[in-house]
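Note sheet for the following structure.
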Amino acid sequence: LSQLPGWSARPDGSIVIATGNDDALGVYTCTPYNSYGSAGESRPTRVLLKDPPAFTLRPKEEYFQEVGRELVIPCAAHGDPPPTVTWLKVGSAGKGSAQADGNGSLIFRPLVKEQHGVWECTATNPVASVSTATSVHVLGTSPHAVTNVSVLPLLRAANISWEPGFDGGYFQRFSVWYTPLVKHPPRAHHDWVSLSVPAGAQHLLVENLQPDTSYQFSVLAQNKLGSGPFSQIVTSVPKGFPVTTVPPEPPAMTMRVFLSPPQALTANETVRGVLLRWEPPAQFSVALSGYALELRQDRGGWEVLDRSIPSTETQVLVPGLIKDAFYEFRLVAFAGSYISDPSNTVNVSTAGMEVYPSRTQLPELLPQPVLAGVIGGICFLSVAVIFSTMAACIMNRRRAARIQKRRQGRSWGQRP
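Here you go:
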């Protein structure tokens, strides 16, 4: 064993091979012995080298697809023996209507809202199992339920916070619903009260609650397509004034946040798309987190085009607009959980605009209207030159003919 690097023997007689390679292949027997001799060797055992699974085709980290359409996510692996490829949605017992074909690809036909989430592809053979994950985002749906709802009881109030779920591809807003729990309600069902949450916020302070009374809280998300499911219900008891002769301390003053909208939003058409420029908010009491760009087409509803513009940027390029359409753009600023009012609105019409730039060099240097004017001018000038040349030739021929006639007339007059 000393001649084989990485090989060693344990006190119990086992052989340890640190790295499996071709040197380890073969048939092995074990012969125990002591001072009295040996009872013989063991039955032979064969060592074979097999390959664990390895992915030859991995899915992308994220997939975005409209609800109701087909989505195919590839996943393939090889090994010795060949591995089996399976798919499973993380955190769900079943796969719904999703199917895997013979190549290991996951097929959604059609894609539904419940298939949104993280999916895991696993390749397994007798040697080992390996896994890779991808996130499926189903667009064009109502919002998903918020998670991690927590309630902090305060003096005759409660602070509710949560983590938003996927917005379904549209801007979403939240509302907090609450109701008191009483032992003998005057009616069979107690009424729920709803409070709207400011845009962009993920918490809300509910005030004027009855002290030492249990309340139930839930959060609802909504977007342009409708409402998502209610979150799980959380029960909490707001605090009351302590029984003491010492007067309570006044509540701490909350800092008022100033966040004005972005300024001077302008739009300029370029060969690559529409370039938007703006100035940062004039007033803000907390550090800016970034900007969100909203647009609407042909006087429709406002939609969020980009919600992750860094706070250091003052311009953004919008490519790939639909030709012969009318767009409106506006910008909002974020500072933590606070959101500003929208900026001024700029209008952009793509009528006659080269939305998808040509790959030739000339259209990159000149916009389409200017290029068309230049080509038209060249054509008109060429036609004018041709007509002028033809007219000059005709006039010269007529003049030469008149001169020739005059000369002939003089020669006839001079004869006797």
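When we follow the UniProt record's numbering, the leftmost residue of the sequence shown carries the number 1, and every step to the right adds one.
We put the beta carbon where it would ideally sit given N, CA and C, even for glycine.
- Task: List the residues that DSSP assigns as beta-bridge partners of Tyr215.
- Result: Pro180, Ser236.
- Tell me whether Arg46 sits in a helix, a strand or coil according to DSSP, three-state version. Arg46 falls in the strand class under three-state DSSP.
- Secondary structure at Val271, three-state DSSP: helix, strand or coil? It is coil, neither helix nor strand.
- Query: On the three-state DSSP scale, how would you describe Arg296?
  - Reply: It is a strand residue.
- Query: If you compare alpha carbons, which of Val47, Gln115, Ser150 is closest to Ile73?
  - Reply: Taking only the C-alpha atoms, the option nearest Ile73 is Gln115.
- For chain B, is any of its Cβ atoms less than 7 angstroms away from the one on Glu207? Here there is only one protein chain, and chain B is not present.
- Query: Can you find at least 3 beta carbon pairs, one from the region 29 to 39 and one from the region 51 to 69, that sit closer than 8 angstroms?
  - Reply: Below 8 angstroms, too few C-beta pairs join the region 29 to 39 and the region 51 to 69 to call them touching: fewer than three.
- Query: Apart from the five residues just before and just after Trp192, which ones in its own chain have a Cβ nearer than 6 angstroms to its Cβ?
  - Reply: Trp177, Thr179, listed in sequence order.
- Item | Cut-off 6 angstroms between Cβ atoms - residues of its own chain near Thr86, not counting five sequence neighbours on either side | Cβ neighbours of Thr86 within its own chain (closer than 6 angstroms, five residues either side excluded): Thr122.
- Tell me whether Asn396 sits in a helix, a strand or coil according to DSSP, three-state version. Of the three classes helix, strand and coil, the one that applies to Asn396 here is helix, per DSSP.
- Query: Whose CA, out of Glu328, Arg307, Gly320, lies closest to the CA of Ile339?
  - Reply: Nearest C-alpha to Ile339: Arg307.
- Message: Classify Asn223: buried if its beta carbon has 16 or more other beta carbons within 10 angstroms, exposed otherwise.
- Response: Of the other Cβ atoms in all chains shown, 16 or more fall within 10 Å of the Cβ of Asn223; this residue is therefore buried.
- From Thr235 to Leu288, what distance separates their C-alpha atoms? One Cα belongs to Thr235, the other to Leu288, and the distance between them is close to 34 angstroms.
- Going along the chain, which residues of its own chain have a beta-carbon closer than 6 angstroms to the beta-carbon of Gln172, five neighbours each way excluded? These residues qualify, in order along the chain: Pro143, Ala221, Asn223.
- Item | Given 8 angstroms, three or more beta-carbon pairs between the region 196 to 204 and the region 149 to 163 | By the Cβ rule, the region 196 to 204 counts as touching the region 149 to 163, because three or more pairs are nearer than 8 angstroms.
- Task: Below 8 angstroms on the Cβ atoms is my guess for Leu225 versus Gly168; work out the distance and round it to an integer in Å.
- Result: Contact flag correct, Cβ pair sits at about 6 angstroms.
- Do Pro342 and Arg330 have their CB atoms nearer than 7 angstroms? Cβ distance < 7 angstroms, so Pro342 and Arg330 count as in contact.
- Answer yes or no: do Pro164 and Leu209 have a C-beta to C-beta separation smaller than 7 angstroms? Contact: no.
- Spatial distance of Ala351 from Glu279 (CA atoms): A direct Cα-to-Cα measurement between Ala351 and Glu279 gives close to 28 angstroms.
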